[in-house]
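If you're matching them up, the sequences are chains X and D in order.
According to our numbering, the stretch in the first sequence is residues -6 to 369, in order.
According to our numbering, the stretch in the second sequence is residues 3 to 550, in order.
One structure is given here, and the rest of the page talks about it.
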Amino acid sequence: MSARLNQLGLAFVVILVVAAILVPFLSLAVSSDSAFYLPPYLVQLLGKYLCYAILAVALDLVWGYCGILSLGHGAFFALGGYAMGMYLMRQIGTRGVYANPILPDFMVFLNWKELPVAWWGFNWFPYAMAMVVLVPGLLALAFGWFAFRSRVTGVYLSIITQAMTFALFKEFFRNDFGFGGNNGLTDFKDLLGFSVQSASTKAALFSASAIALIVAYAVSRAIIASKYGKALVAVRDAESRMRFLGYRVENYKLFVFVVSAIIAGIAGALYVPQVGIINPSEFAPANSIEAAIWVAVGGRGTLIGAALGAIAVNFAKTFFTGAFPEYWLYGLGLLFVLTTLFLPKGILGLALRDSRARSGPKTETSPIALEEGADS
Amino acid sequence: MTSPNARRLVAHDTARGLRLRALRVLGVIALLAFAGAARADAVDDTLARFLGDKFPQTEAAVRELAAEAPPTAAAILEALGDNRLLIDPADHLVAYKTAAGAILNAKTGEPIAGVDPAAFKKVRVNNALRSAIEGAMGSLTLANPDPEKRLAAAEDVFRTHDAKALPALQAQLGKESDPRVLAALKLAQASIFATSDTTSTQDRLAAIATLKERGDQDAQSLIDGIAQRATDPAVKGAAATALSAIHARLALWGVAQNLWYGISASSVLLLAAIGLAITFGVMGVINMAHGEMVMLGAYSTYVVQSLLPPSLQNWSLAFAIPLAFVVAGVVGIAIERLVIRFLYTRPLETLLATWGVSLILQQLVRSLFGANNRLVSNPPFMSGAFEIGGLSITTNRLWIIVLSALVFIGLQLVLRATPFGLQMRAVTQNRRMAASMGISTARVDMLAFGLGSGVAGIAGVALSQIDNVSPNLGQGYIIDSFMVVVFGGVGNLWGTAFGALLIGLANKLLEPLIGAVQGQIVLLIFIILFIQRRPRGLFALRGRAVEA
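Here it is, written out as structure tokens:
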């Protein structure tokens, strides 16, 4: 990792720390007449961007540094979100429409008599938080163990992670699955006793998201800077060679895949109380692919770039879907095409281009494979 | 206007007067007239029963009307069922109102001029009466000169198995000439015999045997009822045996039907996936915009149908298939030239770039044609359905199977029998070696991409016949198509065909067992696990070039 990237990383952390302090201040302590006042909906929006940024960092960790383009990170994100949503549902208690102290409204509506086993313990916050980490982590462990051991790589891996996401997408739509069907979980009341609607809770969630982003960044950087991280990058660039050198390639991949899934799950858990709903559409395969473009736009293999890309693309999305809704898909589509064609290293890659800068994409007529496995 | 009774008296008087004059020749005529009058009398008496507006009398009138079958009987019964039968007790007049609002005399069927609709009263109907009307209508139409009507009437009697229809049924059985109607009448009779407790055991057993031969859902429920209610042990036993035989038969047909659905689903999957298999096989890149090529093909069909003059509409698909192939193929070549060829060394980024292309194409179509579904009609030869035994086969699905078989054979021919196919296979197997042998891989890539996309366009024509034509059409098929290709392995179209068949069949055979969504999920999990075992698919190419 270049020195300039380290400097940028430091600046990034400092900005996040400042934001974590300043945003609650501007939202709560400044009077609503002031020009610096941040209304709660903006705080919520910014918090949402930060959650996407955490997801992007998680994806960059596996894609940028290990060459695994996971199209399942949207699913890990949503699973974390569902775990948090289940805690929030249990907190509603008797304030629901049917005022059932144990069962969430949708279960009463479906005429269920008892709480399904999957929901046990979710009224206890530490248990719910453990699930936020464990569910995506264990799924990634099981999936990765199968996939990496049998050397599923490249686009094949992308496609089966997408299939996994699609299977979960369909499963969560079913009422019988027990997680609210297509309506998902919503109508939350409070989190740890604080109302999720209040401005102070929103400000606190923003700060928590900023801190989580710092932690995710720090953990990812620590992994990459370690000896293990060097091996990881080597796996990305020459997998067979690493295997021939005696490295257990699958273990390297599996570890980073699980860590990444856990980070994505935490991002989802922070996301749900801020947007106030989690439903199966979060599992939509398109979401996972969009996350990949945030990373690509910002700059693969930079972590900060991924986070900035997530914030920038989502800011553009908020703006365009409001101002020119019919043109947003053109814009997003072009972003995919142009970034991959002309900005293979993303915005940050462009900014950091130094003397070692490579030329652009190869354009000679005969596309002879440079990367390993590309011509299989 | 004289009342019917008054006119009857006049007829009597005339007849008596003629006899009194003892003119023998005229007497014969008078006798004939008397017979006619007597028949008219019976109908008059029947109609007179409506005047009381009492349920038992009305029911008797309905039954008599069915037996006497005057020309207006069907119209009267229908009017009664719809609350359109009117009576004027003061004038002894029975009339009915047509759907158009005209008031007709019930006896003659002629319009009654200058009457006040307010003078009439509606004849009341209850549910018991309604079923009596249905039975009477059934027996009336049993004698209809049109064999189709008789067939429908016999089917009706079979469904209601109303013993009241038995006399009319047996009367018709004696003189029926059409074999289809005869069979239906026999079945209807069997349904009445089998369910009636008053029939002899022997007749009931024979009836149950006839029903067992029919062996469909209706016969099953009928016999099920007998097996539960019958008191005669012989009948009960026969019904139980027949029931299990029908169960087995229906289960067999059910499996056959599911197999048919599975083959039909497989043909759709094959059409959608085979183009993907070509592009993925030759170039090793995933084209996420493949679904949009299918969508473009479907919209080409829509455009063709809206531009063609009505006289050529029957041939719309003959125009749509080449157009869809060309449109999707040209768009595919454009994508390859403008985007994909710069990304060959970066397959993962090709995935993202083509996803972007798919978003643009979707939005483009949405801007041009609107976000709503477009109506694409089936040409006459592709609409409708027919039955083979217990199998119901829709014609459009059958044609899609034919189309996918033709596309498959056509592609095999291109691959096996043309120089371009040879080059394509060479590039698939070993790109560098093929390039060393002087094959222009760039040209092969471009044409292969065009071919794969064009085939996707043809798939779109087929899908427009069975699915909604909307900008999202392609999205619904893309993941399944990937699964087919990944499962079947690249570089071998037989693998794709086999993958499509297996996934389509498994999907439809799992559906009745665990539900549609669950079945798909189980299948996805199976494929994910399968990929772990055979990462390069079922029909993987073997050789040094594959694992670089």
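Virtual Cβ for every residue (Gly too), placed ideally from N, Cα, C.
Query raised in the report: Shortest alpha-carbon distance to residue 50(X) belongs to which of 330(X), 289(X), 236(X) and 248(X)?
Result: Comparing alpha-carbon positions, the option among 330(X), 289(X), 236(X) and 248(X) lying closest to residue 50(X) turns out to be 289(X).
**Report entry** Reduced DSSP secondary structure (H/G/I, E/B, other) of residue 294(D)
**Finding:** Taken through DSSP and simplified to helix, strand or coil, residue 294(D) comes out as helix.
Query raised in the report: Considering only C-alpha positions, which residue in the set 122(X), 104(X) and 18(X) is nearest to residue 375(X)?
Result: Beyond the ends of chain X as shown, which are -6 and 369, falls residue 375(X); an answer cannot be given.
Query raised in the report: In chain X, which residues lie less than 8 Å from residue 355(D) when you measure between Cβ atoms?
Result: In chain order, 329, 330, 333 and 334 make up the part of chain X whose C-beta sits under 8 Å from the C-beta of residue 355(D).
Query raised in the report: Taking only beta-carbon atoms, is residue 322(X) less than 8 Å away from chain D?
Result: For residue 322(X), the answer is yes, since a Cβ of chain D falls inside 8 Å of its Cβ.
**Report entry** Coarse secondary structure for residue 187(D), derived from DSSP in three states
**Finding:** In the structure shown, residue 187(D) sits in a helix (DSSP, three-state: H, G or I).
Query raised in the report: Hey, quick one: how far does the alpha helix (DSSP H) through residue 194(X) stretch, first residue to last?
Result: Segment 192 to 218, the alpha helix (DSSP H) holding residue 194(X).
Query raised in the report: Do we get a CB-CB distance below 8 Å when we pair residue 25(X) with the residues of chain D?
Result: No - not a single Cβ of chain D is within 8 Å of the one on residue 25(X).
Query raised in the report: Is the beta carbon of residue 403(D) less than 8 Å from the beta carbon of residue 269(D)?
Result: The answer is yes: Cβ separation under 8 Å.
Report task. Would you list, in chain order, the members of the stretch 274 to 295 of chain D that have their beta-carbon closer than 9 Å to a beta-carbon of chain X? Result -> Those residues of the stretch 274 to 295 of chain D that come within reach of chain X (Cβ to Cβ, closer than 9 Å) are 282, 285, 286, 287, 288 and 290.
Query raised in the report: Between residue 145(X) and residue 533(D), is the Cβ-Cβ spacing less than 8 Å?
Result: With contacts defined as CB atoms closer than 8 Å, residue 145(X) and residue 533(D) qualify as a contacting pair.
Query raised in the report: Name the chain D residues that come within less than 7 Å of residue 286(X), Cβ to Cβ?
Result: Neighbours of residue 286(X) in chain D, taken as residues at a C-beta separation under 7 Å, are given in chain order as 354.
Report task. Out of 228(X), 139(X), 64(X) and 283(X), state which residue places its alpha-carbon closest to the alpha-carbon of residue 361(D). Result -> Measuring from the Cα of residue 361(D), the nearest candidate turns out to be 283(X).
Report task. Could you tell me the distance, in whole angstroms, from the CA atom of residue 47(D) to the CA atom of residue 165(D)? Result -> If I take the Cα positions, the gap works out to 25 Å.
Query raised in the report: Roughly how many angstroms lie between the CA atoms of residue 119(X) and residue 36(X), to the nearest whole one?
Result: Near 26 Å, if we compare the C-alpha coordinates of residue 36(X) and residue 119(X).
Requested in this report: Could you tell me the distance, in whole angstroms, from the CA atom of residue 92(D) to the CA atom of residue 54(D)?
Outcome: A direct Cα-Cα distance of roughly 11 Å separates residue 92(D) from residue 54(D).
**Report entry** residue 159(D) versus residue 397(D): straight-line alpha-carbon distance, rounded
**Finding:** In a straight line, the C-alpha of residue 159(D) is about 30 Å away from that of residue 397(D).
Requested in this report: Examine the Cβ distances between the stretch 500 to 514 of chain D and the stretch 264 to 280 of chain D and report whether three or more of them are shorter than 8 Å.
Outcome: Yes: at least three Cβ pairs fall under 8 Å.
Report task. Mind reading off the beta-carbon distance from residue 458(D) to residue 264(D)? Whole number of angstroms is fine, and I expect it under 8 Å. Result -> 22 Å between Cβ atoms; not a contact.
**Report entry** Same chain, Cβ closer than 6 Å to residue 12(X), five either side skipped, listed in chain order
**Finding:** Apart from sequence neighbours up to five positions away, the residues of its chain that approach residue 12(X) with a beta-carbon distance below 6 Å are 203, ordered along the chain.
Query raised in the report: Does the stretch 292 to 310 of chain D come close enough to the stretch 321 to 330 of chain D to have 3 or more Cβ pairs within less than 8 Å?
Result: Three or more pairs of CB atoms, one per stretch, sit closer than 8 Å, so the stretch 292 to 310 of chain D contacts the stretch 321 to 330 of chain D.
Requested in this report: Output yes if chain X places a C-beta closer than 8 Å to the C-beta of residue 488(D); else output no.
Outcome: When Cβ-Cβ separations below 8 Å define contact, residue 488(D) makes contact with chain X.
Query raised in the report: Are residue 266(X) and residue 184(X) touching if we call contact CB-CB under 8 Å?
Result: In this structure, the beta-carbon distance from residue 266(X) to residue 184(X) falls below 8 Å.
Query raised in the report: For the putative contact between residue 262(X) and residue 76(X), defined by C-beta atoms under 8 Å, what is the C-beta separation to the nearest angstrom?
Result: By a beta-carbon distance limit of 8 Å, residue 262(X) contacts residue 76(X). Their separation comes to about 6 Å.
Requested in this report: Would you tell me roughly how many angstroms separate the C-alpha atoms of residue 9(X) and residue 207(X), rounded to the nearest one?
Outcome: So the two alpha carbons sit approximately 7 Å from each other.
Query raised in the report: Is the beta carbon of residue 279(D) less than 8 Å from the beta carbon of residue 492(D)?
Result: In this structure, residue 279(D) sits near residue 492(D), with a CB-CB distance shorter than 8 Å.
Query raised in the report: What's the call for residue 4(X), buried or exposed, on a 16-neighbour Cβ count within 10 Å?
Result: It is exposed - the Cβ of residue 4(X) has fewer than 16 other Cβ atoms within 10 Å.
Query - Member of 245(D), 201(D) and 235(D) whose CA lies at the smallest distance from the CA of residue 221(D) - result: When each option's Cα is compared against that of residue 221(D), the closest is 245(D).
Query raised in the report: Quick one: what does DSSP say residue 346(D) is sitting in, helix, strand or coil?
Result: Three-state DSSP puts residue 346(D) in coil, outside helix and strand.
Query raised in the report: When the cut-off is 8 Å and only beta carbons count, does residue 351(D) lie next to chain X?
Result: Answer yes: the Cβ-Cβ gap between residue 351(D) and chain X drops below 8 Å somewhere.
Query raised in the report: Are any of the Cβ atoms in chain D nearer than 8 Å to that of residue 348(X)?
Result: For residue 348(X), the predicted model reports a pLDDT of 40, less than 50, meaning its position is unreliable; a value from the coordinates is still stated below. Cβ-Cβ to chain D under 8 Å: no for residue 348(X).
Report task. Since I believe residue 79(X) is in contact with residue 121(X) (beta carbons under 8 Å), could you give me their beta-carbon distance rounded to a whole number of angstroms? Result -> Rounded to whole angstroms, the Cβ separation of residue 121(X) and residue 79(X) is 7 Å, and the two are in contact under 8 Å.
Query raised in the report: Hey, out of 379(D), 346(D) and 261(D), whose CA is closest to residue 312(D)'s CA?
Result: Among 379(D), 346(D) and 261(D), the Cα nearest to that of residue 312(D) is on 379(D).
Report task. Using the DSSP secondary-structure output, state which residues sit across from residue 555(D) in a beta bridge. Result -> The first residue shown for chain D is 3 and the last is 550, placing residue 555(D) beyond what the model contains.
Query raised in the report: Using the beta-carbon count (16 or more within 10 Å), is residue 56(X) buried or exposed?
Result: Burial call: buried.
Requested in this report: Just mark residue 435(D) as buried or exposed, buried being the case when its beta carbon has 16 or more other beta carbons within 10 Å.
Outcome: Residue environment analysis places residue 435(D) among the exposed positions, since fewer than 16 neighbouring C-beta atoms fall within 10 angstroms of its C-beta.
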